[in-house]
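First comes the structure, then the notes that go with it.
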Amino acid sequence: MADKQQARNSSVLVIGLGRFGAALAATLDRLGREVLAVERSSELVQQWSGRLPLVEADATNPEALDQLGAEEFPVAVVGVGTSLEASVLITGNLVDLGMPQIWAKAISAEHGRILRRIGAHHVVYPEYDAGQRVAHMVSGKMLDYIEMEDDFTIVKMRPPREMQGFTVKESDIRRKYGITVIGVKPPGEPFEYASPTTRVNADDLIIVSGDTVLLEKFAQRP
Numbered sequence: 001m002a003d004k005q006q007a008r009n010s011s012v013l014v015i016g017l018g019r020f021g022a023a024l025a026a027t028l029d030r031l032g033r034e035v036l037a038v039e040r041s042s043e044l045v046q047q048w049s050g051r052l053p054l055v056e057a058d059a060t061n062p063e064a065l066d067q068l069g070a071e072e073f074p075v076a077v078v079g080v081g082t083s084l085e086a087s088v089l090i091t092g093n094l095v096d097l098g099m100p101q102i103w104a105k106a107i108s109a110e111h112g113r114i115l116r117r118i119g120a121h122h123v124v125y126p127e128y129d130a131g132q133r134v135a136h137m138v139s140g141k142m143l144d145y146i147e148m149e150d151d152f153t154i155v156k157m158r159p160p161r162e163m164q165g166f167t168v169k170e171s172d173i174r175r176k177y178g179i180t181v182i183g184v185k186p187p188g189e190p191f192e193y194a195s196p197t198t199r200v201n202a203d204d205l206i207i208v209s210g211d212t213v214l215l216e217k218f219a220q221r222p
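With UniProt numbering, letter number 23 in the sequence shown gets 23, and the count goes up by one each step, no holes.
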């Protein structure tokens with residue numbers, strides 16, 4: 001009984017099986033989360049049938065959400081982005097149901113502002129975020145880039161020459177550049193948290209964090 005309640009408490013309602021919604025639902029399902037996908041396109045429902053728990057329904061209709069028990073889900077994700085009207089209507093319906101957490105996809109800043117005003121708790125911009133991430137990665141040694149809030153960023157990159165063969169303490173990166181080495185991953189070995197005595201080799205990967213501008217400058221080091 002407790003296990004069933006815990007599963008329900010971690011369940012996610014995903015509305016819209018476009019590229020974003022489908023990838024999200026499939027990943028959550030693979031991670032063992034209880035997922036229910038809602039899609040009004042019979043073609044997409046047929047495409048994902050047997051691969052995901054899903055129902056064919058029009059979530060712009062409040063009665064459809066009532067019938068599938070949407071209010072029982074603690075988290076809902078509105079993956080509809082191409083139709084502004086549908087996105088707003090679905091989000092509004094979820095707000096009316098009192099959903100504890102509503103995540104909504106937006107395709108523009110204006111779209112995002114509307115979603116927030118009607119009550120979405122979190123608004124995401126998948127296309128913008130992906131474009132920004134790739135731009136940072138192609139402009140230097142960055143292999144992965146995650147920008148958090150307040151200009152705090154985490155980056156995976158190759159170590160610059162001045163770090164190669166030296167320990168974290170010896171290279172003194174934090175004092176020189178104002179960033180922090182979080183961890184090091186030697187080839188073929190697991191990630192390890194960095195300490196002052198951790199030695200960085202030329203073929204290692206390093207995980208560094210800090211201010212976005214400072215990391216950009218650091219990533220340009222030869």
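We put the beta carbon where it would ideally sit given N, CA and C, even for glycine.
Model, not experiment: these values are computed from the prediction.
Span of the alpha helix (DSSP H), counted from its first residue to its last, around residue i
i, result
"Gly21", "Arg19 to Arg30"
"Gln101", "Note, Gln101: premise wrong, no alpha helix (DSSP H); beta strand (DSSP E) at Gln101 to Lys105."
"Glu63", "Pro62 to Gln67"
"Ala59", "Unbroken run through Ala59: none, as it is neither H nor E."
"residue 245", "Since the first and last residues shown for the chain are 1 and 222, residue 245 lies out of range."
Local conformation of residue i per DSSP, three classes
i, result
"Asp141", "The sequence as given places Lys at residue 141; Asp does not occur at that position. Three-state DSSP puts Lys141 in coil, outside helix and strand."
"Tyr125", "coil"
"Glu147", "strand"
"Asp203", "coil"
"Glu39", "strand"
"Glu85", "helix"
"Asp172", "coil"
"Asp211", "strand"
"Thr198", "coil"
"Glu216", "helix"
"Leu94", "helix"
"Val134", "helix"
"Val80", "coil"
"Glu192", "strand"
"Arg221", "coil"
C-beta atoms of residue i and residue j nearer than 8 Å
i, j, result
"Ile207", "Ile173", "no"
"Ala202", "Met142", "no"
"Val77", "Val12", "yes"
"Pro53", "Ala70", "no"
"Leu17", "Glu34", "no"
"Asp211", "Pro159", "no"
"Val200", "Gln164", "yes"
"Val14", "Gly79", "yes"
"Val184", "Thr167", "no"
"Val124", "Gln101", "no"
"Arg221", "Glu162", "yes"
Cβ-based burial, residue i [other Cβ within 10 Å; buried from 16]
i, result
"Thr153", "buried"
"Ile179", "buried"
"Ala194", "buried"
"Phe191", "exposed"
"residue 237", "Missing from the structure shown is residue 237; the chain here goes from 1 to 222 and no further."
"Ile146", "exposed"
"Ser87", "buried"
"Asp3", "No answer about Asp3 holds up, because its pLDDT of 43 lies below 50 and its placement is not dependable."
"Pro196", "exposed"
"Gly21", "buried"
"Val134", "exposed"
"Arg19", "exposed"
"Ser49", "exposed"
Residue i: first and last residue of the uninterrupted beta strand (DSSP E) it sits in
i, result
"Leu13", "Val12 to Ile15"
"Gly183", "Thr180 to Lys185"
Residue i Cβ short of 7 Å to the ligand NAD heavy atom set
i, result
"Arg51", "In the structure on display, the ligand NAD does not appear, and there are no ligands present to speak of."
Inset, instruction - State whether the stretch 93 to 112 contacts the stretch 152 to 172, with contact taken as three or more CB pairs (one from each stretch) at a distance under 8 Å. - result: no
Legend entry - Segment contact flag, the stretch 80 to 96 with the stretch 57 to 64, C-beta cutoff 8 Å, min 3 pairs: In the pairwise beta carbon analysis, the stretch 80 to 96 is classified as touching the stretch 57 to 64: at least three pairs are separated by under 8 Å.
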